[in-house]
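According to mature numbering (1 follows the signal peptide of the UniProt record, and there is no 0), the sequence shown holds residues -22 to -1, 1 to 361 in order.
Contents: one structure, followed by commentary.
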Amino acid sequence: MIKNIFLLLTCLAIFTGVSVAAAPDNEDKSQADKVIIGYVFSPDKPLDPATIAAEKLTHVNYAFSNLVDHKIVNGFEFDDQNYRRLNDLKKRNSSLKILSSVGGWTWSGGFSDMAATEESRQIFINSAVEFVRRHQLDGIDIDWEYPGLPGAGNKHRADDGTNFALVLKGLRAAFDSLEEELGRPLMLTIATGGFPDFLAKSDIGEWQKYLDYINIMAYDFNFPRAGGTTGHHTALYSRAEDDSGQSADAAVRNHNAAGVPLHKLVVGVAFYGRTWVNVNSQEAGLNQPGDAGEPSFGSARYNNLVASVIGKGTYQRHWDDIAKAPWLWSAQEKTFVSYDDPESIAAKVKYIQERGLGGVMFWQYTSDHNNQLLDAINNALER
């Protein structure tokens, strides 16, 4: 109905010369409009722009800038150089947006104090404006892990959710003014936990008013621990026997029920796996007792899984058609690996299209193998 009215108004505008406002932003977006947001993390060395497929991304979230004395500051030695190199990627993709992601698991300890008072919030907002100017950014992504929760043992308050809304409101107003100065739009996004406790402590229905996108970290739903149980860490749908009850679909539904429009939700996929050792052999290791520990092959980043595990030695790939997720299992090694691959990513993209979501986010770029997973996203979007 809305679309028909908009088409009618457009036709009238052609004949009358009257301008027509854009269609409501809650309309479902076409595949071409879906975002592909890649987190790029390079703490130890300068980025090589030749290794980043700028044409296959819509946004780069550079991780991470830090928070010191309520101010956004560079996180790593080569950040100035890396921001310049990321901006140079726009020569290959003029519509590419470069954002700085602030915080992350390690550097979320200062958010609660920053958000607690009007004075400290304004210090943060002013620093964000200067950070955007300095690095010629297209916006800021805030990765606070997590408001109202300890995360990595961080200070937190019961009113973090309410205070964060004030941060976002003030930052959005400051960016609106800065847009006029710079003559270009500026984005404000956040990364969110995909688990119910996060939403329970949040004020996300208020937060979303000031945000372009909300990037759901739809991974680490099951995490290796001593005496734990194996499971999918980045499932699209949850299984009845999965005690976590968590999945990308559950996270999307919970975010939406908490007041976030579907078109603002971006589903995160994992370019890395999670590994359990000392696993029971029943059901090819799925939903079995297992422990955290270092597997014989080392890192579970996707590029290392391709090089050392998938189709190698005693490891066999299995597919869960309920969760729409693969896993790797070696009875000899007693090792279980949960991960995303091109098939599971294609299933998630199909889900994103069917639900009218904003697009795909992934952590993180350098864990891919010859752009296999990034290509899976683009291919599923028919780009």
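Beta carbons are placed, not taken as given, at the ideal position from N, Cα and C, and that holds for glycine.
Bear in mind the structure is a predicted one, so any value in this text is a computation, not a measurement.
- Nearest to residue 193 by C-alpha distance, out of 38, 22, 353, is 38.
- If you check the CB distance, residue 326 and residue 228 do not come in under 9 angstroms.
- Positions of the alpha helix (DSSP H) runs, each at least 4 residues long and wholly inside the stretch 166 to 195, are given as 174 to 179, 182 to 185 in order along the chain.
- Cα atoms of residue 345 and residue 249: separation of roughly 6 angstroms, rounded to the nearest angstrom.
- In the structure shown, residue 334 falls within a coil segment according to DSSP collapsed to helix, strand and coil.
- The beta carbons of residue 168 and residue 113 sit no closer together than 9 angstroms.
- CA-to-CA, the gap between residue 93 and residue 198 works out to about 27 angstroms.
- Comparing C-alpha distances from residue 101 to each of 83, 49, 78 shows the shortest one belongs to 49.
- Counting C-beta pairs with one atom in each stretch, the stretch 206 to 217 and the stretch 173 to 185 have fewer than three that are closer than 8 angstroms, which means they do not touch.
- Classified as buried, residue 125 has 16 or more neighbouring CB atoms from the shown chains inside 10 Å of its CB.
- Excluding residues up to 5 positions away in sequence, 43, 44, 58 lie with their Cβ nearer than 8 angstroms to the Cβ of residue 52 in the same chain.
- DSSP places residue 280 in the helix class (H, G or I) of the three-state scheme.
- In this chain, the alpha helix (DSSP H) harbouring residue 61 covers 57 to 66.
- Fully enclosed alpha helix (DSSP H) runs of no fewer than 4 residues occupy 280 to 286 of the stretch 242 to 291, in order along the chain.
- In this structure, DSSP gives residue 104 a helical state, which the three-state scheme calls helix.
- Rounded to whole angstroms, residue 85 and residue 138 show a C-alpha spacing of 16 angstroms.
- Residue environment for residue 290: exposed (fewer than 16 other C-beta atoms within 10 angstroms of its C-beta).
- Minimum Cα-Cα distance from residue 29 among the listed residues 355, 341, 63 corresponds to 63.
- Of the residues assessed, residue 297 falls on the exposed side of the cut-off, its CB having fewer than 16 other CB atoms within 10 angstroms.
- Three or more pairs of CB atoms, one per stretch, sit closer than 8 angstroms, so the stretch 242 to 257 contacts the stretch 317 to 334.
- Residue environment for residue 143: buried (at least 16 other C-beta atoms within 10 angstroms of its C-beta).
- Within its own chain, the residues whose Cβ lies closer than 7 angstroms to the Cβ of residue 83, once the five positions on either side in sequence are excluded, are 123, 129, 130, listed in chain order.
- Take residue 333, set aside five residues on each side of it, and the residues of its chain with a beta-carbon closer than 7 angstroms to its own are 230, 240, in chain order.
- For residue 308, the enclosing beta strand (DSSP E) starts and ends at 303 to 308.
- The beta carbons of residue 270 and residue 307 sit about 17 angstroms from each other, so the pair does not count as a contact at 8 angstroms.
- The shortest C-alpha to C-alpha distance from residue 195 to any of 224, 141, 302, 204 is the one to 224.
- Boundaries cannot be given for residue 114, as no beta strand (DSSP E) includes it and DSSP labels it neither H nor E.
- For residue 295, the three-state secondary structure derived from DSSP is strand.
- Closest in C-alpha terms to residue 204, from the list 56, 254, 277, comes 254.
- For residue 142, the enclosing alpha helix (DSSP H) begins and ends at 138 to 160.
- The DSSP-derived three-state label of residue 12 is coil.
- Note that the C-beta distance between residue 214 and residue 79 is not below 9 angstroms.
- DSSP places residue 77 in the uninterrupted beta strand (DSSP E) bounded by 75 to 81.
- Here the C-alpha atom of residue 23 lies approximately 43 angstroms from the C-alpha atom of residue 260.
- Between the beta-carbon of residue 88 and that of residue 120 there is about 12 angstroms, and that puts the pair past the 8 angstroms contact cut.
- Between residue 146 and residue 188, the CB-CB gap stays under 9 angstroms.
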